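Structure first, then comments.
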Amino acid sequence: MKVKAHAALQRHAQAPSIPTGTRMKTKDIDELVARLDAMGLDTPVTDDEDTDRTLDEPSSAPSRAKQPFPFLALPYELRLRIYELLLVSPKTLDLDPSNSRTLIPSLRLFFVSRQIHAEASRIFYSLNTFRIFPIHGRFFHTKYALLSRLSPTYRGHITKLELRLGPGWTKPPKGWVIDERLNNRRRLRLVEVKRVHMLKVFVECDPASSDIFNGFRHKQGDEFYTRFCVELIQGLFTHLPTIDKVEFDAYPSVKKTSPLLRGLVGEVEGRGLTVLWGPERDWEKVVDVDLVGVLAKMGIDGL
Numbered sequence: 001m002k003v004k005a006h007a008a009l010q011r012h013a014q015a016p017s018i019p020t021g022t023r024m025k026t027k028d029i030d031e032l033v034a035r036l037d038a039m040g041l042d043t044p045v046t047d048d049e050d051t052d053r054t055l056d057e058p059s060s061a062p063s064r065a066k067q068p069f070p071f072l073a074l075p076y077e078l079r080l081r082i083y084e085l086l087l088v089s090p091k092t093l094d095l096d097p098s099n100s101r102t103l104i105p106s107l108r109l110f111f112v113s114r115q116i117h118a119e120a121s122r123i124f125y126s127l128n129t130f131r132i133f134p135i136h137g138r139f140f141h142t143k144y145a146l147l148s149r150l151s152p153t154y155r156g157h158i159t160k161l162e163l164r165l166g167p168g169w170t171k172p173p174k175g176w177v178i179d180e181r182l183n184n185r186r187r188l189r190l191v192e193v194k195r196v197h198m199l200k201v202f203v204e205c206d207p208a209s210s211d212i213f214n215g216f217r218h219k220q221g222d223e224f225y226t227r228f229c230v231e232l233i234q235g236l237f238t239h240l241p242t243i244d245k246v247e248f249d250a251y252p253s254v255k256k257t258s259p260l261l262r263g264l265v266g267e268v269e270g271r272g273l274t275v276l277w278g279p280e281r282d283w284e285k286v287v288d289v290d291l292v293g294v295l296a297k298m299g300i301d302g303l
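Note that UniProt numbering has the sequence shown beginning at 1, numbered continuously upward.
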């Protein structure tokens, strides 16, 4: 060890010195770099390396350039699983200003190659749920809903749609209508949505279910919004004959026996479609009880 230490000190003593106070020429700098490279001083020594290694032993590990990962060489099933982890969202997709931060970065994957675009876009549009009419304030009165903005190929991949009811119950936007006539530029082009099999209906409020809405309802009467919503799903069923399941969900203020829900469920059952209940209320496990009515019957409603 003493011999090695002495040899190392001797090599350091022979290291070229950098003149001070003078400007080095390019030739001198090149010569200095060449001598340092020959001494192996360009490779740092870490604490994890062998303690017997000295500076006079040049590094033998060649520098390796990073190689691109052969993603398309993976099995097709594995690639699909990766697409699902990256592109499938637990929330319903809609026109929203936050899409530029939360959604668009993942969709850049579509621009890698034609093959990846074909595989990834099919996963994205077939496994996510898309809202029919926008509810964000910025797009609430937009002329063109999300479906009308998509290409025919993308619309053909969609399998799940959501209809959210409640926003604009006093005066629904003009664009909230199922009008598929060819001369209607705002039409949703539902004829191209050929694979949809599930419609999710989420009810935020029912104006006909409580006196709290008195004085705010539409001028056509208490049942206006119920009729409006039933006509919406009737139009959807007319132009989307592939739907075979309808999932209902609502906020806690909406009861299962409310006029709006009874009207919607009755329309679905009348067509022989399967009725499901969503996770928000979990109506399949919890009984929807009128707590006020129960307390009144027990004579403790004044407590």
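All C-beta atoms, glycine included, are put in the ideal place defined by N, C-alpha and C. Fair warning: this is a prediction, and the values are worked out from it, not measured in the lab.
Counting C-beta atoms within 10 angstroms of its own C-beta, TYR225 has 16 or more neighbours from the protein chains shown and is therefore classed as buried. The region 148-212 contains, as complete alpha helix (DSSP H) runs of 4+ residues, the segments 152-157 (chain order). The bridge partners DSSP lists for THR274 are LYS245. Beyond the five residues adjoining it in sequence on each side, VAL265 comes within less than 8 Å, by CB distance, of PHE248, VAL275 in the same chain, given in chain order. The beta carbons of SER100 and LEU87 sit no closer together than 9 Å. Taking C-beta atoms as the reference points, THR238 and ARG195 fail to come closer than 9 Å.
Nearest in C-alpha terms to TRP169, of all of CYS229, SER89, LEU72, GLY263, is CYS229. In the three-state scheme derived from DSSP, where H, G and I count as helix and E and B as strand, THR257 is classed as coil. If you draw a straight line from the Cα of PRO252 to the Cα of PHE202, it comes to about 12 Å. Taking the CA atoms as reference points, ASP282 sits about 12 Å from LYS255.
DSSP, reduced to helix, strand and coil, places ARG131 within a strand of the structure shown. ALA145 sits in coil when the DSSP states are folded into three classes, being neither helix nor strand. Burial is judged here by how many other beta carbons sit within 10 angstroms of a residue's own beta carbon; LYS171 has fewer than 16 and is exposed. Looking at the backbone, the Cα of ILE104 and that of LYS66 are separated by about 27 Å.
Partner residues in a beta bridge of LEU95, as assigned by DSSP, do not exist. Following the DSSP letters along the chain, one finds GLY137 in no alpha helix (DSSP H), marked with neither H nor E. Assigned with DSSP and collapsed to three states, ALA118 falls in helix. Between GLY278 and the set ILE158, MET198, PHE111, the nearest pair of CA atoms involves MET198. Counting only the Cα atoms, ARG227 lies some 46 Å from GLN115. Cβ atoms of HIS157 and ARG187 stay farther apart than 8 Å, at about 19 Å.
In chain order, VAL203, ASP206, PHE248, ALA250, VAL254, LYS255 place their CB closer than 8 Å to the CB of LEU261, counting only its own chain and leaving out the 5 sequence neighbours on each side. The residue among GLU119, ASP222, LYS200, LEU161 with its C-alpha nearest the C-alpha of LEU78 is GLU119. Only residues of its own chain outside the window of five on either side were considered, and among them HIS197, MET198, LEU273, THR274, LEU276 have a CB closer than 7 Å to the CB of LYS245, listed in chain order. Taking a contact as a CB-CB distance under 8 Å, the pair ARG155 and ASP94 does not count as one, their CB atoms being some 15 Å apart. In the same chain as GLU162, and ignoring 5 residues on each side of it, the C-beta atoms closer than 6 Å to its own belong to THR92, THR129, ARG131, LYS200, in chain order.
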